[in-house]
Amino acid sequence: MKRNIFAVLALALAAPACSEKLKAQNDAELIAAQYGISFTQQFLGKVIRGENILQSFQTAASEAVPSAAFQYAGMKMVGANWQFAIPAQLLTQKGAWVQRQSMLGRPIFGREFLTTWELDYLWFNLRVRDGRMLLPRLNPFTVFVAAEQERQSVFWKESLVSGAVIYKATRDIDALGKHADNVIVIQHVAGNWGSVLSHELTHSLQRVRGHPLFDVVLHQDASQKRFLPFLRVDLGGLWMSAYGRNFFPKGGDNFLEWEVDGYVY
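Following our numbering, the numbering of the sequence shown begins with 29 at its first residue and continues without gaps.
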């Protein structure tokens, strides 16, 4: 299983640069961005939980490396082909798991590393812990956003392949596609259908990347008991939106759009 993980990582990291835009968005910048976001969450999580600030800084500095690597690989993969969305999300979720382990002061590279997985699939959050399937959690935000699209038709094939709930826009929207809480509304444009899906699914992975800090604070980690355990309170999108729009404007646009443009080609 470990070989499979590293094979998928190698595939994502070795994806060729297929456009001038990708070459312009330096991979080093994308990696640095991933690392910065991982480090920020892990450091804040440790401090919030009462750890010493200096020790938290030192530990987060090293433990942010594997989480950033997994998340970079996941975004690289779905940016190359939207049909890789599920393995790409598994990698990104593994990076989020590493972040949660770091914040909770738990070992990262133990047996649980290979036997614990998570996936947001359609309206549900699926989890495997220590090789055992846990009770799926319903994501009420995904249900709410999807319900708002009730008059629009669902692209079932693309939804089942990607794990996101994908709707066909029945009225004009001010973009080729939009994403919110694992729900995508897209205009079917034959020429760039694949790249638009990759773009919106990369936004979905940014949302996943924003989960860990809230998960630890709200006791949503798979090993933490909490009230209403059958629901998943998904606040990662809010964190990433605030982070991208308010702190790191890039080239006249917000950071999240700049980052997605670097991965999708």
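Positions of the beta carbon are idealized from the N, C-alpha and C atoms, including for glycine.
Three or more beta-carbon pairs separated by less than 8 Å are not found between the region 75-88 and the region 100-119, which leaves the two stretches without contact. Shown here, Trp145 sits in a strand according to DSSP, grouped into three states.
When secondary structure is reduced to three states using DSSP, Val156 falls in the strand class. Fewer than three beta-carbon pairs drawn from the region 129-148 and the region 97-106 are found closer than 8 Å, and the two stretches are therefore not classed as touching. A distance below 7 Å between beta-carbons, with the five flanking residues on each side excluded, links Trp125 to the following residues of its chain, in chain order: Thr144 and Glu146.
Counting along the chain, Gly123 sits inside the alpha helix (DSSP H) bounded by residues Ala113 to Met131. In this structure, Leu132 keeps its C-beta atom at 9 Å or more from the C-beta atom of Val261. Beta-bridge pairing by DSSP links Arg165 to Asn153. CA-CA distance, Phe258 to Arg165, rounds to 5 Å.
Straight-line measurement puts the Cα of His231 at about 19 Å from the Cα of Asn54. At the C-beta level, Gly123 and Pro168 stay beyond 9 Å of one another.
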